[in-house]
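Each remark here refers to the structure printed beneath this line.
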């Protein structure tokens, strides 16, 4: 019999922790929550202090029975769920289910699953923090009230399977508002003039700046003509030379949202995938002789601080690997987000000494890529700033000023390891300029004007949307990934070229919610609600008080919506072809994997077809069919013959309808990081890369 029982959330974590604690400890997994509100009813007594009715989650009976048996045999039970609100709530539910004293020192928390952190945490057990539990309970009940009160109305008035929620409704609103901005956008014309300049054999580029030292905008072609007419000859004189030294500081370590954003930019990971892989790295990876070790700290956090020991270890690694010059001096503390709970550390490797190269043999491809991203960001955050030499030159010709700018890296600093990405995926290029002095003469070769039009704001990518939600104070680190998943599953938005596009259904539902429940989609209201939940966590306000304030107005709106909301008929969009089985028109439907075609004679005829897009290329295999674009279950695009299954031609790369001049096999478009390249599927023939 073990002296102590430790209960964690997952089997992977249990296996790792048990090895660290030794024979006296038995570690078991609760597999997440064991109690929750019932699915079949609202489960909240709104007339008696919002008293929740918790039941054992279906399927958790055997797990709970096993834990109860083990708890009776143990001298002491420790609850070691995750170190956040939800983890605290899980510990509280376990304490009730196992009949433990919630006021005893049964709670153990740790930010990383390493031997030192685990052993230290068991030296400092504490009682269950009821402020954390109440904050999570308030959020759960609030979301239950919104979901279980509004959703049935939407089911009745619009269609079954719909839902509304505080965070998801605001996310859909942001996407729809952005789409309206794009549709209403009026492009404005503007021009630029670029020039190629020579100083001896050295060539550099410059752009029109202004007249007589004052900046001038070029709004129409007549403005450009006036400038070109003012130029006299090809000789320009250097008017000003400005040289500066600029420092660039590294990015701070990852929070949950910044990790999701950067993984989307650099690794093309969806938020859900990022969190799933981060969970694996946190819970532990088998490192052979070293056993199972957690490679990163807890991945749900909004803090950017790190422990002193982690900083010291990183400094030691940097000095040994790069030299003393690459060590940061006194780093300015990261500016704390006003919405951040700052409950625990930033996301970082549990040891900076476990560099990605040494971990490669133990990790899957995706695990390695995410670990590398986290490791590089953390190590770079502890390195010295980069130093750039910048140079700006003004070139004068008859009062017309062109400006050339250039830079070079004087000292790479943190850039030796990592440079933060950006949403526009524009790389910072360092262009060198000739060593010029005031009064020097240079000559222009090509002066080329270009017409441009202002562009509408871009649609939201997952990274942009997560960033916006965080900036507005909507939701918390643990809510972003499931929120983005939910709004797609409900059919409110779709992803087109990795950008969110609202559907007709999303617009209809938002309009109804906006009319009858305006506070639910009000950004300021939702952000203030998050602040109130934080106040509950800090013991400043009672959780029942928050729910009561919300429900007084909400219940009245529910009553009005039930009586006054009109039924909305969503007509199916005709696909433009007839069913080959019964002759009825085919219509577009929205399913789990996006749009598909279905017979309008359903349920008498259950014929369905995927939506295919012809690319204008004949099948290279059967020579009869046409190549069409399809999507796999994982939403990945591939190309196949429309005569399938008679013809089984398939390609992940897009055929272009030409044969290879070397071997007569098919040519395809291969997508690369910086463009598209035409390649042969059989030999080494390649054509010039297109951006």
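Numbering (the UniProt record's numbering), first residue to last: 1 to 691. Using N, Cα and C, we set each Cβ at its ideal position, and we do this for glycine too. Since we're looking at a predicted model, the values are computed, not measured.
Please name the residue in the options whose C-alpha comes closest to that of residue i.
| i | options | result |
| --- | --- | --- |
| residue 157 | 204, 469, 566, 616 | 566 |
| residue 149 | 165, 134, 112, 137 | 165 |
| residue 50 | 589, 496, 143, 412 | 143 |
| residue 255 | 453, 177, 349, 294 | 349 |
| residue 373 | 196, 393, 269 | 269 |
| residue 485 | 271, 369, 287 | 271 |
| residue 702 | 405, 665, 596, 179 | Examination of residue 702 is not possible in this model, given that the chain is present from 1 through 691 alone. |
| residue 47 | 551, 161, 274, 95 | 551 |
| residue 351 | 316, 652, 55 | 316 |
| residue 682 | 672, 667, 671, 675 | 667 |
Write down the C-beta distance between residue i and residue j rounded to the nearest angstrom, noting that I regard them as a contact closer than 8 Å.
| i | j | result |
| --- | --- | --- |
| residue 702 | residue 248 | With the chain covering only 1 through 691, there is no way to say anything about residue 702. |
| residue 685 | residue 655 | So it is not a contact: roughly 14 Å between Cβ atoms. |
| residue 394 | residue 639 | Actually they do not touch by this definition, with Cβ atoms about 52 Å apart. |
| residue 35 | residue 93 | 4 Å |
| residue 502 | residue 179 | 5 Å |
| residue 390 | residue 244 | 5 Å |
| residue 404 | residue 197 | 7 Å |
| residue 125 | residue 105 | 4 Å |
Using 8 Å as the threshold, is the C-beta distance between residue i and residue j below it?
| i | j | result |
| --- | --- | --- |
| residue 493 | residue 172 | yes |
| residue 499 | residue 388 | no |
| residue 508 | residue 558 | no |
| residue 436 | residue 224 | no |
| residue 618 | residue 586 | no |
| residue 607 | residue 344 | no |
| residue 397 | residue 236 | yes |
| residue 195 | residue 444 | yes |
| residue 176 | residue 510 | yes |
| residue 15 | residue 292 | yes |
| residue 141 | residue 20 | no |
| residue 447 | residue 218 | no |
| residue 261 | residue 463 | yes |
| residue 407 | residue 431 | yes |
| residue 386 | residue 473 | no |
| residue 553 | residue 167 | no |
| residue 283 | residue 294 | yes |
| residue 45 | residue 300 | no |
Please work out which residues of its chain come closer than 6 Å, Cβ to Cβ, to residue i, disregarding the five sequence neighbours upstream and downstream, and give them in chain order.
| i | result |
| --- | --- |
| residue 259 | 347 |
| residue 541 | 535 |
| residue 11 | 29 |
| residue 561 | 153, 516 |
| residue 211 | 399 |
| residue 6 | 25, 27, 78, 80 |
| residue 600 | 584, 585, 587 |
| residue 467 | 261 |
What residue does the alpha helix (DSSP H) around residue i start on, and which one ends it?
| i | result |
| --- | --- |
| residue 471 | 462-472 |
| residue 543 | 543-564 |
| residue 667 | That residue, residue 667, is in no alpha helix (DSSP H); its beta strand (DSSP E) goes 666-672. |
| residue 153 | 130-157 |
| residue 39 | Residue 39 -> no alpha helix (DSSP H), and no H or E assigned at all. |
| residue 85 | 85-97 |
| residue 8 | Note, residue 8: premise wrong, no alpha helix (DSSP H); beta strand (DSSP E) at 4-8. |
Short of 8 Å in beta carbon distance, which residues of its chain neighbour residue i, apart from the five on each side in sequence? Order them along the chain.
| i | result |
| --- | --- |
| residue 383 | 250, 318, 322, 326, 327, 328, 413, 414, 416, 417 |
| residue 367 | 277, 280, 281, 285 |
| residue 88 | 81, 107, 128, 129, 132, 133, 136 |
| residue 9 | 29, 30, 31, 32, 81, 82, 87, 90 |
| residue 342 | Because residue 342 carries a pLDDT of 47, less than 50, the predicted location of this residue cannot be relied on, and no value is offered for it. |
| residue 573 | 587, 588 |
Taking the beta strand (DSSP E) that residue i falls in, what are its first and last residues?
| i | result |
| --- | --- |
| residue 206 | 202-211 |
| residue 375 | That residue, residue 375, is in no beta strand (DSSP E); its alpha helix (DSSP H) goes 365-381. |
| residue 675 | 675-680 |
| residue 391 | 386-397 |
| residue 404 | 400-411 |
| residue 451 | 441-453 |
| residue 607 | It is not in any beta strand (DSSP E) - residue 607 carries neither H nor E in the DSSP assignment. |
| residue 578 | 573-578 |
| residue 352 | Neither: residue 352 is in no beta strand (DSSP E) and is coded neither H nor E. |
Leaving out the 5 sequence neighbours to the left and right, which residues in its chain are closer than 7 Å to residue i when beta-carbon positions are compared?
| i | result |
| --- | --- |
| residue 120 | none |
| residue 334 | Reliability of the predicted coordinates at residue 334 is poor, the pLDDT of 46 falling under 50, and no value is obtained from them. |
| residue 68 | 98 |
| residue 613 | 628, 629 |
| residue 162 | 151, 154, 155, 490, 509 |
| residue 159 | 570 |
| residue 311 | 382 |
Does the beta carbon of residue i fall short of 7 Å from some heavy atom of the ligand ATP?
| i | result |
| --- | --- |
| residue 666 | Ligands displayed in this structure: none; no statement on the ligand ATP is therefore possible. |
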